[in-house]
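From first to last, the protein sequence lines stand for chains C and X. Take 3 as the starting number for the first sequence in our numbering and just add one per residue. Take 9 as the starting number for the second sequence in our numbering and just add one per residue. Think of the CB as a built atom: it goes at the ideal place given N, C-alpha and C, for glycine as much as any other residue. Quick caveat: nothing in here was measured; it's all calculated off a predicted structure.
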Amino acid sequence: MEKLLIEKRELVTVIESPVDFISVDHEKCVGCKNCVIICGMNLWKIRDGKAVLETDYKKFCTECASCYTVCDYDAIKFTFPPGGYGIVYQRG
Amino acid sequence: MNNYDLIVVGGGPGGSAAAKEAADAGLKVVILERGRFCGEKNSSGFGLAPKAARDFDYIKDLDVPSLWSTKFGVMHIVEPMPSNSERMTWGLTPPKRNSYPQASEYLVQMMYRPEFDQWMADLATKAGAELKLATLATDVIWEGKNVAGVVDGKGNTYRAPVVIAADGAHSLMANKAGIRKRWDKDQIAVLATVDFEADPERIAEYCGDTNVHIFMGPDRGGYCTICRDGFHIGSRPAKTLQSEIDAGRNLSTRSVIDNVQLDFIQRLIKATRARPREFQLHFLPWLKTFNERIFTGGLMLTGDAAGVPEPFMAEGVWQAMYSSRLAAQVAVRAHGDKDFSKAYLKKYMEELKVSPVGVDFTSGTVLRDFFAAWTSQTFYDLFDNLADAMFYSMLTFAEPHAHGMLRVPAIMVDMIPQLLFMSRYYFPIAEEASRDKIKGFLAGTKMVAPMLQNMMKATAGGK
């Protein structure tokens, strides 16, 4: 049987937030990779030993807050996009 | 202008249940929902438990397009990776022994969350609550030691002597009210889900009465929940963020992609002409014990914000409705007594703890471990042996029937370690659940013992 591929980024609808809602404090970040492991949309990378978000994360982030929750060094700040913006689940 | 008796943050089923309860009691209520519609931010395959129909009279009138009551659910024991086949499958109707009628009528009621959440919000607004959409509550207003309102992202203020924060697992209100900075990594699970759209007629033909499937196998598992025009494929549950970090890879996302490859799912996709429609990540609390830190002066946390999903499978919508309605009842009483202090709102936590929501945390630690063990090799081996035992005892075509049946006792002996493995979880749970009954029984025997001694004549072992 032909195997079906799941292209995650093509399957999310996001109204892009006009402002940042996740930030990382590089003073606190130790590059432990927890955020890289946990992000279901693969939006985090380690560059020069520090966590960095993809520049277009606002197009794909599902606002699950996992990155904030797994950061042991309190380096990640997470709120939500402004009301009316962000992830749209029509079939949640 | 923005003065209310009660502010409800979050327009999910919990928030709306609270708002309806309070508005029915005559309070001036506003719901602040960050989505453009209720349910826009909620995900995961959704089955409303029959408990909701038992406890909320209005659920009997529930009618949304995707609603499909589950009359038959199927469990699939899946072979170890890399196989995508099933070793054993069994299905069942709702149980016959039940304490209320709805529990015998359906297993769960399956539907899409935006439909249900909007239906619930309509009940709240019809009762008189005001609903403000696309409004993110970002901070609380303090008056002394009490929360006395909230601020939204545009700087608008809303004032009320009491706030119910039903704002989801990552609760900004819990954070701003100083109740919780974040959950522990071992208190949160993320379920990945892929929603497929499919031909409704083909779904009806192919699925019949069956719209819930659960998969489990060694180190794998997941679920498929089917609505009228599509279905969800869900990832393996029973893993917290901590276990994903320990494993060093994203288990839930990997799991859902693997589950799509299961033979059964591939057949379903083909038969119903399905194609992927939406990818979702569902962040949900999965606590082992009842969380008591759910209130402060002028504010109560409910639903996922309070961590009330039960410790076995982390079912949470009925819990959200129940806890939120209780919080609304306490808010109404607080208005009557004109007391919104932390000491007064503690009643909400105390009443929730002894309610069915709190009681569901009985043996929570073992329950959660037991559910996690469903995807162990030993659990698989148990069903692997059970499949052989059933084959040889009931339907062998492979050998003379009598010879086949002779194999069964040996298989049963092979199963002893696996049954002991199961009992490691089952007996502690049963013991804790029946501790009060055992206490009563022992107290009874203590009273009866002297009477029995008097009635019994001295025997050979005695004087």
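Cα atoms of X/E252 and X/C232: separation of roughly 22 Å, rounded to the nearest angstrom. Three or more Cβ pairs closer than 8 Å define a contact, and the stretch 17-32 of chain X falls short of that threshold against the stretch 80-89 of chain X. When Cβ-Cβ separations below 8 Å define contact, X/E323 makes no contact with chain C. Under the three-pair Cβ rule at 8 Å, the stretch 428-438 of chain X counts as touching the stretch 378-396 of chain X.
By the Cβ criterion, the stretch 269-277 of chain X is not in contact with the stretch 175-185 of chain X, since fewer than three pairs of Cβ atoms, one from each stretch, lie closer than 8 Å. Chain order gives the chain X residues near C/A67 as H178, F291, where near means a beta carbon separation below 7 Å.
Residue pairing by DSSP places X/L139 opposite X/I39 in a beta bridge. Listed in chain order, the positions of the stretch 188-209 of chain X with a beta carbon within less than 7 Å of a beta carbon of chain C are R190, W191, K193, I196, V198, A200, V202, D203. Residue-level contact check: X/K49 touches chain C, since one or more beta carbons of chain C fall below 8 Å from its beta carbon. Cβ contact annotation for X/L141 (same chain, cutoff 8 Å, sequence separation greater than five): G19, E41, G43, R44, F45, C46, in chain order. Straight through space, the alpha carbons of X/A135 and X/D63 are spaced by roughly 18 Å. Excluding residues up to 5 positions away in sequence, A200, T201, V202, G230, I241, G242, S243 lie with their Cβ nearer than 7 Å to the Cβ of X/V264 in the same chain.
Between X/P169 and X/F348 the beta-carbon gap is near 5 Å, inside 8 Å, which marks them as a contact. Relative to X/T78, the option among X/N92, X/S91, X/G99, X/D69 whose CA is nearest is X/G99.
For C/M43, the secondary structure class from DSSP, reduced to helix, strand or coil, is coil. With its beta carbon at least 8 Å from every one in chain C, X/P73 lies outside the interface. When Cβ-Cβ separations below 8 Å define contact, C/I39 makes contact with chain X.
Residue burial is scored here from C-beta neighbours: X/D160 has at least 16 other C-beta atoms within 10 angstroms and is therefore classed as buried. One alpha carbon belongs to X/R228, the other to X/M420, and they sit about 25 Å apart.
Counting only the Cα atoms, X/G315 lies some 27 Å from X/I234. With contacts defined as CB atoms closer than 8 Å, X/M118 and X/V72 fail to qualify as a contacting pair. By the neighbour-count criterion, in which 16 or more other beta carbons inside 10 Å mark a residue as buried, C/E12 falls on the exposed side. Around the beta carbon of X/T453, a 10 Å sphere encloses fewer than 16 other beta carbons of the protein chains shown; the residue is thus reported as exposed. Residue-level contact by beta carbon fails for X/G19 and chain C, as no gap is shorter than 8 Å.
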